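Beneath this line is the structure, given in structure tokens, with notes to follow.
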Amino acid sequence: MKKIYYRLTLLTAIIVLTIFACKKGLNDETYSVFDASKLTLPSDGYDAVIGTYAALKDNGGYGYYAGYLYWLYEYPADVVTTTITSRQGIELDQLTYNPTNSVINDVWISIFKMVSRANESEALINNINYTTNGSSNAIKNQNLGEVRFLRALAYYDATELWGDVPLILKPSSQFTAADLNPKLAKQADVEAAMVTDLQFAAANLPVSYPVSQVARATSGAAKSLLTRLYMRQGQWQKAADEAEQVITSGAYRIKPMSEGGIVALFDTTNRSDNEFIFVLKSSSQPGAYGINSNSFGINSTPWDLNRGYGNFPINLQFYSIFDKNDARRNLLTGIYKTIYGQIMSVPTQYGGVGGSGPDTVLSTYVYNLKYPATNNYNYAGFNNVSIIRYADVILYRAEALNELNGPTQESIDLINQIRTRANLPNITLANYTKASLRVEIFAERNKEFFMEGRRLEDLFRWGNSETNGADPLSEFKANVVPLLRNQNTYSSSVNYLHYPYPQVEIQSNTSLSPDINKGRYQ
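As structure tokens, this is what we get:
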């Protein structure tokens, strides 16, 4: 942890000064070290905000939300699997977690880089007098709201993946010796800090921005992340209330079938649709905050389709759960023509059209098409990455209402918004109990959000609700274990709710005891 924070000051300086160099030219004064006393203008605060957003991608096309985070959210669940050549991926996919896994370490570092940048930016912005420099306190609070939203997002991921984590809310200039080796804070304390940040952000961020700035955090993004947090905590009324505010704001909508529906939503050219509440803006366009690519397109599709790496193969069983009329099935490679001229087809027993050789080859997996990258043999996927979208909020409210009161017409209507866009018939209130509607909601979420990082958390929340807190792993075990290559890799002695802490962190942080990972891996 201390290595991350030692680097932070220099990293922030580099980010800010790089932007200055581009805007002001080489004749202006530059600084070899970060000096807050020299950064006193509102434009400096804005540059710090941009530098914080850039941490969403972190280091290259695989960093944080550009790739590696989804390895941790998708591989252990029941939709995505991995090829036998990816050792780090196999450990995650087959539940043989290891604290030396490089992806676990990379995501930990990325998250706390985001926290560091947010802390430094918050301090810098707080020290700037916006009103005497041609701006306003409203803009100052907006800038603070953006970095505090990003800090809350980072801590959401940290607590989802590890539970208790260090809670650091101040810049490195205020560190004491103890801060260089921070202790773990209780998850509840971290979540309380997140609520404070998100409530501030919700109160001070705008409803929307110009289209060119679509990836900036809004009040709706803050309320949506609060909804997600309250859902995880099982605070159903608070979750329902936050979701209702997002829904009634009028700022968002489900992209209708008349405009291409969910397939068009994930088209590479669709950069500003208001179903996306918050995204990683992965684009070479102006205003992309220095974030230029992601690894999803190249990893989501196989070599014989468009020279992709095929690192996110999807189990054929997943394809089989879709109705043939479900528009979301069109975001999977049910049948396609390979670069060699053959037809690759899902077998009939999994819902595909099948076929026989030599012209047709039966698929072993399917692949997702939410991150298109046609003939793109590099790391540059220039489509945006969805972090929060409106469909998520709609289904969250439906779920929260069901947990509070059982099936209601409102919860049914909310689910039907998603089903209508998917080209499926409506469900009716009379056919459901609280338990069966819960199953329906998680089935819709599974089909709606595959490869968007939601499934693992959904399995945990589903099990927690189903067993009234007695066994949060019940649905995880029921859905994941049957798909393991060797079912003995699942161990009842491992708490799969959280990953092991990275070994590098344990070795460098003297506050962490050697047995901190007990029960987190075999």
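According to the working numbering, the residues represented by the sequence shown are 11 to 532, in order.
From the three backbone atoms N, C-alpha and C, an ideal C-beta is built for every residue, glycine too.
Source: prediction; values computed, not measured.
query, result
"Going along the chain, which residues of its own chain have a beta-carbon closer than 7 angstroms to the beta-carbon of Tyr85, five neighbours each way excluded?", "Thr92, Gly99, Leu102 and Asp103"
"In chain order, what residues of the same chain lie with their CB nearer than 7 angstroms to the CB of Arg407, ignoring the 5 residues before and after it?", "Ala250, Ala253, Glu254, Ile257 and Leu424"
"Pick helix, strand or coil for Asn151, following the three-state DSSP scheme.", "helix"
"According to the Cβ coordinates, are Ile121 and Pro52 closer than 8 angstroms?", "no"
"Short check: CB of Val395 to CB of Asn304, under 8 angstroms?", "yes"
"Give me whichever residues DSSP pairs with Ala372 in a beta bridge.", "Sequence inspection shows Leu at residue 372; the Ala mentioned does not correspond to that position. In DSSP, Leu372 forms a bridge with Ser355."
"Unbroken alpha helix (DSSP H) runs of length 4 or more, entirely within the segment 185-265: which are they?", "197-214, 229-243 and 246-258"
"For the beta strand (DSSP E) containing Arg399, list its first residue and its last residue.", "Val395 to Arg399"
"Does the segment 144-161 come close enough to the segment 209-229 to have 3 or more Cβ pairs within less than 8 angstroms?", "yes"
"Is it right to say Thr237 is buried, meaning 16 or more other beta carbons lie within 10 angstroms of its own, or is it exposed?", "buried"
"What residues match up with Val113 in a beta bridge as DSSP calls it?", "According to DSSP, Val113 bridges with nothing at all."
"Straight-line CA distance for Tyr219 to Gly230?", "12 angstroms"
"In the DSSP assignment, find the beta strand (DSSP E) that holds Leu290 and state where it starts and stops.", "Phe286 to Leu290"
"Looking at C-beta atoms only, is the number of pairs between the segment 304-316 and the segment 338-354 that lie closer than 8 angstroms three or more?", "yes"
"Which same chain residues end up closer than 8 angstroms to Glu132 when comparing Cβ atoms and leaving out the 5 residues on each side of it in sequence?", "Leu154, Val157, Arg158, Arg161 and Pro181"
"My guess is that Glu454 and Trp246 are in contact by the Cβ rule of under 8 angstroms, so how many angstroms apart are they, rounded?", "Contact flag wrong, Cβ pair sits at about 18 angstroms."
"What residue range is occupied by the uninterrupted alpha helix (DSSP H) comprising Lys487?", "Ser484 to Val490"
"Could you have a look at Val574 and say whether DSSP puts it in helix, strand or coil?", "It is not possible to answer for residue 574, since the shown part of the chain is limited to 11 through 532."
"Nearest-angstrom Cα distance between Pro510 and Trp118?", "11 angstroms"
"Does DSSP put Leu102 in a helix, in a strand, or in coil?", "helix"
"So is Val200 buried or exposed if we call it buried at 16+ other beta carbons inside 10 Å?", "buried"
"Could you tell me the distance, in whole angstroms, from the CA atom of Pro512 to the CA atom of Thr358?", "43 angstroms"
"Hey, would you say Asn335 sits closer than 8 angstroms to Asn478, going by beta carbons?", "no"
"Across which residues does DSSP place Asn378 in a beta bridge pair?", "Leu342"
"Looking at Asn108: is its Cβ nearer than 8 angstroms to the Cβ of Tyr531?", "yes"
"Of all the options Gly144, Ile272, Gly361 and Lys347, which has the alpha carbon lying nearest to the alpha carbon of Asp369?", "Lys347"
"Starting from Ser330, trace the alpha helix (DSSP H) both ways and give me its first and last residue.", "Leu326 to Ser330"
"In angstroms with no decimal places, state the Cα-to-Cα distance between Leu177 and Gln197.", "9 angstroms"
"Thinking just about the alpha-carbon of each residue, which of Arg431, Gly529 and Thr438 is nearest to the one in Glu420?", "Thr438"
"Does the CB of Pro52 have a neighbour CB from chain B at under 8 angstroms?", "Absence of chain B from the displayed structure is noted, only one protein chain being present."
"Which residue from Tyr377, Glu269, Ser330 and Pro524 puts its Cα closest to that of Ile564?", "As shown, the chain starts at 11 and ends at 532. That puts residue 564 outside it, with no answer to give."
"Compare the Cα-Cα distances from Leu66 to each of Ile94, Tyr329 and Lys123 and report the closest residue.", "Lys123"
"Let me make sure I understand the geometry here. Which of Arg263, Arg127, Ser222 and Val90 has the alpha-carbon closest to that of Ile287?", "Arg263"
"What is the rounded straight-line gap between the Cα of Ile404 and the Cα of Asn489?", "24 angstroms"
"My parser needs the alpha helix (DSSP H) runs of 4 or more residues fully inside the segment 56-95; what are they?", "78-84"
"Can you look up Lys444 in the DSSP assignment and give me helix, strand or coil?", "helix"
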